[in-house]
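Working notes for the structure below.
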Amino acid sequence: MPGTAGRRRAAARMPRSGHRTGTSASPGGHAPSSPLPPCGDSCDTDVPSAVRALRTVPHEKCAVRSLPLPLALTARLAPVAVLATAGWALSSGPDTSPAAKDQTPPDTTDRSASAPATQAATKTYAAAPAPCESLAGKTVTSLVPDAKADGKELPSTDTDVRRTCSWNALKGYDYRWLDVSYEVMESDEAARKSFKGRVADRGGGGEVAGLGDEAYSVVNLTTEDKQQTREGTVLVRAANAVVMITYNGSDFESKKAPGTTEINKGAIKAAKEAVAALQDG
Numbered sequence: 001m002p003g004t005a006g007r008r009r010a011a012a013r014m015p016r017s018g019h020r021t022g023t024s025a026s027p028g029g030h031a032p033s034s035p036l037p038p039c040g041d042s043c044d045t046d047v048p049s050a051v052r053a054l055r056t057v058p059h060e061k062c063a064v065r066s067l068p069l070p071l072a073l074t075a076r077l078a079p080v081a082v083l084a085t086a087g088w089a090l091s092s093g094p095d096t097s098p099a100a101k102d103q104t105p106p107d108t109t110d111r112s113a114s115a116p117a118t119q120a121a122t123k124t125y126a127a128a129p130a131p132c133e134s135l136a137g138k139t140v141t142s143l144v145p146d147a148k149a150d151g152k153e154l155p156s157t158d159t160d161v162r163r164t165c166s167w168n169a170l171k172g173y174d175y176r177w178l179d180v181s182y183e184v185m186e187s188d189e190a191a192r193k194s195f196k197g198r199v200a201d202r203g204g205g206g207e208v209a210g211l212g213d214e215a216y217s218v219v220n221l222t223t224e225d226k227q228q229t230r231e232g233t234v235l236v237r238a239a240n241a242v243v244m245i246t247y248n249g250s251d252f253e254s255k256k257a258p259g260t261t262e263i264n265k266g267a268i269k270a271a272k273e274a275v276a277a278l279q280d281g
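Letter 238 of the sequence shown, counting from 1, is numbered 238 in this note's numbering, and no numbers are missing.
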């Protein structure tokens, strides 16, 4: 039989009941039927079993830590990314700094209001007067014998801008025709351009002093079928309006025409009254 020392060495080599690694003793010396808690087995694999058994970390955290490293990092960083995105959205909204609140758009009220006022100031006449009322009855009778003093207004597409009245009559063999026309424009400059254009189309005449802002008179003689007709035209610009007088005559018995002086003086007389009617408006 071995000695006492030999029995002690054999006993030291034998495992003691109830202290096997990873298990606990059960009645009868059988191994337990259930493993250690999932948290201890799946997460803290490098921590002793005795310590793992004491932990109370929820199983959800163990499930995250049991994922492979890239997925685990993604799951942990996702809330950080959401917070960062929300912070960016808040910081990139409308500028509410005091400097931004103090900024106001430039006030253009004065400039926009002054432009129409300037234009309105240059428009002296807003509409053309009634042309058939521009001449006195005796003036019509002297220039167009046997003509009706009321005259006849010609059709116009816009009576505020352009109006014309006509008188004509045949007394014996003497024929006379008289027109008074008004044209009102948006500005003095527009009327000035129109006046100059009409003067350029009727060369051979001359200026008429003391009539409107500027005036021009011309007399021309034409012959058709051996019948002469002499016609005088007077153009007057008064501010933003242009007045035009047309006066002509023929003698059907002699086939001649009235003299230049008679026609020119008659046209200028009608022009003076027409301009006065415009100004009296």
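Don't be surprised by glycine CBs; every beta carbon is placed ideally from N, CA and C.
In this text, all values refer to a predicted model and were calculated from it rather than measured experimentally.
Partner residues in the beta bridge of G232, as assigned by DSSP, are V219 and Y247.
In the three-state DSSP reduction, E207 falls in the strand class (E or B). A Cβ-Cβ separation of about 5 Å places R176 in contact with G249 under the 8 Å criterion. Three or more pairs of CB atoms, one per stretch, sit closer than 8 Å, so the stretch 231–244 contacts the stretch 123–130. DSSP, read as helix, strand or coil, puts R237 in strand. Annotation for T164: the continuous beta strand (DSSP E) segment containing it runs R162 to K171. Contact between E273 and S134 holds: their C-beta atoms lie close to 6 Å from each other, under 8 Å. In the DSSP assignment, S142 falls outside any beta strand (DSSP E) and lies within the alpha helix (DSSP H) extending over G137 to L143. Our two residues, E214 and K152, have alpha carbons roughly 28 Å apart in a direct line. Listed as beta-bridge partners of R176 by DSSP are A169 and G249.
Sequence-distant partners of G137 (beyond 5 residues in either direction) whose C-beta falls short of 6 Å from its own C-beta, in its chain, are A149. Its Cα nearest to that of A191, the residue V161 stands out among V161, P129 and W167. V199 and T139 have their C-alpha atoms roughly 26 Å apart. About 6 Å separates the CB atoms of L278 and P129; that is less than 8 Å, so the two are in contact. In this model, I263 and T157 are separated by some 30 Å (Cα to Cα).
The three-state secondary structure of S181, taken from DSSP, is strand.
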